[in-house]
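Chemist: Going by this note's numbering, 196 is the number at position 211 of the sequence shown; the sequence numbering is gapless. Every residue, glycine too, gets a C-beta built ideally from N, C-alpha and C.
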Amino acid sequence: MPELVFFSGTMDCGKSTLALQIGHNRSARGLQGLIFTRDDRAGEGKLSSRLGLVTEAVEARPEMDLYAYVVAELSQGGKVDYVIVDEAQFLAAEQIDQLARVVDDLELDVFAFGITTDFRTKLFPGSQRLIELADRIETLQVEAMCWCGARATHNARTVGGRMVVEGEQVVVGDVNGPGAEVGYEVLCRRHHRRRMTAAAARAAALSPDVLPVYAN
Ligand SMILES: Nc1ncnc2c1ncn2[C@@H]1O[C@H](COP(=O)(O)OP(=O)(O)O)[C@@H](O)[C@H]1O
Ligand SMILES: Cc1cn([C@H]2C[C@H](O)[C@@H](COP(=O)(O)O)O2)c(=O)[nH]c1=O
């Protein structure tokens, strides 16, 4: 039975790597995948992993009907055995509905990869719809870690090195990006709530007399 599967996790937990591995294993058996992505850090029409692998992909623009795209590929004689979607959090809710239709009407597996929540701990529209519609939600096995050693469950955004909780939902960027004005860091919930990034923790450790003051 074909499935809509949502592979979710924080930033930097290996989602794109797994997407590439699924594609590799299937193509080794002669299956042809259609790969969508949106706003990958490596640029338009790319699916890239921090392990250095990158592959060509179809940029899923906001206005694009993904179901119609797959149907057009098939009707022009193209072979599509399954569909991979990276950065699925950036898709519109209607585009996730279109992917569900690919599974149900075209009987193709769709593997979607994305982060669930943004830097404010709010669901992205695409992730929300995937949680609502997916046959299966898989949490990645390789856990990203907070600086404290706990499992990282949340994504923090930093601007000029300081954690922020207001701003545009979508700002493409990376973790461990020294020098970047906007960066990201994965944290456990406790430290996300306390706005305690690794840098803030180091600064607090250097001032042991100062008790931390939390926003709430
Ligand atoms: N130099 C490295 N050596 C081994 N593993 C690495 C290295 N750099 C990154 N990784 C692995 O790659 C993961 C990030 O993979 P990626 O697919 O880009 O993540 P995501 O798509 O979830 O943001 C890291 O969690 C880590 O496990
Ligand atoms: C938390 C958060 C992230 N983003 C962006 C930053 C990256 O470009 C992607 C996530 O990519 P990854 O492969 O999972 O590392 O999402 C954003 O735009 N807004 C956010 O709140």
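#1: With respect to 7 Å, is the separation between the Cβ of K0 and the closest non-hydrogen atom of ligand 1 below this value?
#2: Do Q74 and S112 have their C-beta atoms closer together than 8 Å?
#3: Pull up the distance between the alpha-carbon of V157 and that of R26, whole angstroms please.
#4: State yes or no: is the C-beta of A13 nearer than 7 Å to some heavy atom of ligand 1?
#5: So, under 8 Å CB-CB, I20 and G8 are touching, yes? Tell me the CB distance rounded to an integer number of Å.
#6: Let's see if you can read the secondary structure: which residues bound the alpha helix (DSSP H) around G30?
#7: Go ahead and pull the three-state DSSP assignment for V157.
#8: Under the criterion of a Cβ to heavy atom distance below 7 Å, does E166 qualify as lining ligand 2?
#9: Output the distance between the C-alpha atoms of V(-10) and E166, rounded to the nearest integer angstrom.
#10: With a threshold of 8 Å, are at least 3 pairs of Cβ atoms found where one atom belongs to the region 75 to 82 and the other to the region 53 to 64?
Modeler: Reading from the atomic positions:
#1: Translated into positions along the sequence shown, residue 0 becomes position 15. For K0, the shortest separation between its Cβ and any heavy atom of ligand 1 lies below 7 Å.
#2: Sequence index remark: in the sequence shown, residue 74 carries index 89 (1-based). Sequence index remark: in the sequence shown, residue 112 carries index 127 (1-based). Q74 places its beta carbon less than 8 Å from that of S112.
#3: Residue 157 sits at position 172 when you count from the first residue of the sequence shown. Residue 26 sits at position 41 when you count from the first residue of the sequence shown. Straight across, the Cα-Cα distance linking V157 with R26 is about 7 Å.
#4: Counting from 1 along the sequence shown, the entry for residue 13 is found at position 28. In this structure, ligand 1 has no non-hydrogen atom nearer than 7 Å to the beta-carbon of A13.
#5: By 1-based counting over the sequence shown, the position of residue 20 is 35. By 1-based counting over the sequence shown, the position of residue 8 is 23. The distance from the Cβ of I20 to that of G8 is about 7 Å, consistent with a contact at the 8 Å cut-off.
#6: Along the sequence shown, read from residue 1 onward, the residue named residue 30 stands at position 45. Premise fails: G30 is in no alpha helix (DSSP H) and is neither H nor E.
#7: Walking along the sequence shown from the start, residue 157 turns up at place 172. Looking at V157 - three-state DSSP - the assignment turns out to be coil, as it is neither helix nor strand.
#8: Counted from its first residue, the sequence shown places residue 166 at position 181. Answer for E166: no, Cβ out of range of ligand 2.
#9: Taking the sequence shown and counting its residues from 1, one reaches residue -10 at position 5. Taking the sequence shown and counting its residues from 1, one reaches residue 166 at position 181. Rounded to whole angstroms, V(-10) to E166 spans 34 Å at the Cα level.
#10: Taking 8 Å as the limit for Cβ pairs, the verdict is that the region 53 to 64 does not touch the region 75 to 82.
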